[in-house]
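Working notes for the structure below.
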Amino acid sequence: MDKKRWRRPLLLACFVVLAAALLVAVAVWRGSTPPAQQPAASGPSQELHTAATFVMDTLVDQQGYGASAPEAMRAVNLYLAAYDARLSLFAEGSDIAALNAAAGGNGTDVAPETAALLRQALALSAQSEGAFAVTVAPLTLAWGITTDTPRVPGREEIDRLLPLVNDAAVQVDGNRVRLPEADMALDLGGIAKGAVCTDVAAIYDEYGVDSAWISIGGNIYARGTKPDGSAWRIGFRDPAGDGYVASFLLTDRVIAVSGGYERYFEVDGQRYIHIIDPATGYPAESDIASVGAICADGAEADFWSTTLYVWGRERALEKMQAGLCAILLDDAGVLYVSESLRDGFKLYDEASGMEVIYVPGG
Ligand code: AMP
Ligand code: MG
Numbered sequence: 102m103d104k105k106r107w108r109r110p111l112l113l114a115c116f117v118v119l120a121a122a123l124l125v126a127v128a129v130w131r132g133s134t135p136p137a138q139q140p141a142a143s144g145p146s147q148e149l150h151t152a153a154t155f156v157m158d159t160l161v162d163q164q165g166y167g168a169s170a171p172e173a174m175r176a177v178n179l180y181l182a183a184y185d186a187r188l189s190l191f192a193e194g195s196d197i198a199a200l201n202a203a204a205g206g207n208g209t210d211v212a213p214e215t216a217a218l219l220r221q222a223l224a225l226s227a228q229s230e231g232a233f234a235v236t237v238a239p240l241t242l243a244w245g246i247t248t249d250t251p252r253v254p255g256r257e258e259i260d261r262l263l264p265l266v267n268d269a270a271v272q273v274d275g276n277r278v279r280l281p282e283a284d285m286a287l288d289l290g291g292i293a294k295g296a297v298c299t300d301v302a303a304i305y306d307e308y309g310v311d312s313a314w315i316s317i318g319g320n321i322y323a324r325g326t327k328p329d330g331s332a333w334r335i336g337f338r339d340p341a342g343d344g345y346v347a348s349f350l351l352t353d354r355v356i357a358v359s360g361g362y363e364r365y366f367e368v369d370g371q372r373y374i375h376i377i378d379p380a381t382g383y384p385a386e387s388d389i390a391s392v393g394a395i396c397a398d399g400a401e402a403d404f405w406s407t408t409l410y411v412w413g414r415e416r417a418l419e420k421m422q423a424g425l426c427a428i429l430l431d432d433a434g435v436l437y438v439s440e441s442l443r444d445g446f447k448l449y450d451e452a453s454g455m456e457v458i459y460v461p462g463g
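Written as structure tokens, this is what we have:
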């Protein structure tokens, strides 16, 4: 299927010229939000502040208005580094590394925040009917797709690891967490970036920032509105290119996006993506190119984006009809958009031939 079939060459050429003009902005805004936002008013408290860093193995961008925004954004960046050090599967000394090393033993005490996130992740995971698993780590480690040394494990190895993927077996008692089987392991990669957006909101609260956004590798939290009262406009990326296919308005909610295009490796022309289907042990084969789930709670948004991707279009659309707000681009180039996003929704020119279907419910 040619994912670019909707593109018009002339408009694309115009876009390339525009993109060249915005080169610096595009570099900073990669994978995040709309290419063009103008400060709406002048004056010290209305100045637009920006911050960019690399943490949690991804680019993090922030923009915010108000005198306290620079300090708040610095505090956020420090918080993200500490959060990563606590939760990363790979950081030596993290709660997750300690838990994984102690699997099969009597359990490990973790920070209260880690235990709370784990409890929330397990409660959500139970709604995914096996599509989402924080215990997917034995498989993600075997594939190593987000590492420098990805590989294709053999069938026997996958069959041996599959029974270790079992979220229902994880025991959380207060701050003590126990993985009952040796070789079980946790990977919070499917939920941590969204979940931290809720912590960022608390930091913005603390510093009195009421107009800002943060993008953590494409998971975006938009706080309040711009000083002129207009909502933040968020770009939905083209999974087949560097640009955006559409944009929409977001206020006080998080969008988390999952897609096979984000992280993958290729061997012999075969693409292996970073989202694993716990039912098979292999990278998920989805008819979704990219899906963004939008929730007030960041962990929920991140959980749903990964889950919907593994579920595939039909079940994802059922979930949207049942009330989940989302944007879903399928592999045939049809864009499904929750009805509640219709107001302010825009298709970008280079995607103007794309079919858009508004989905009632979410
Ligand atoms: P996301 O980008 O939010 O869809 O999350 C993908 C990341 O979550 C991967 O890089 C893994 O760390 C982890 N992961 C992969 N497959 C799953 C799964 N089925 N359930 C939960 N987490 C997963
Ligand atoms: Mg996710």
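Residues in the sequence shown are numbered consecutively from 102, following my numbering. Positions of the beta carbon are idealized from the N, C-alpha and C atoms, including for glycine. Remember, it's a predicted structure, so these values are computed and weren't measured experimentally.
Taken through DSSP and simplified to helix, strand or coil, residue 361 comes out as coil. Residue pairing by DSSP places residue 320 opposite 317 in a beta bridge. Rounded to whole angstroms, residue 275 and residue 450 show a C-alpha spacing of 52 Å.
Distances between the C-beta of residue 241 and the heavy atoms of the ligand AMP include at least one below 7 Å. Here the alpha carbons of residue 300 and residue 154 stand approximately 17 Å from one another. The ligand MG has a heavy atom closer than 7 Å to the beta-carbon of residue 292. 8 Å or more divides the Cβ of residue 197 from the Cβ of residue 375. Distances taken from the Cβ of residue 286 to the heavy atoms of the ligand AMP include none shorter than 7 Å. Within the chosen limit of 7 Å, the ligand AMP does not reach the beta carbon of residue 254 with any heavy atom. Burial state of residue 463 is buried, judged by a 10 Å Cβ sphere holding 16 or more other Cβ atoms.
The residues 253, in chain order, have a CB closer than 8 Å to that of residue 368 in the same chain once the five nearest residues on each side in sequence are set aside. Here residue 179 is exposed: its Cβ has fewer than 16 other Cβ atoms, across all protein chains shown, within 10 Å. The alpha-carbon separation between residue 456 and residue 281 amounts to approximately 48 Å. In the structure shown, residue 401 adopts helical secondary structure according to DSSP, grouped into three states.
With the rule of 3 Cβ pairs closer than 8 Å, the region 300-311 does not count as touching the region 331-351.
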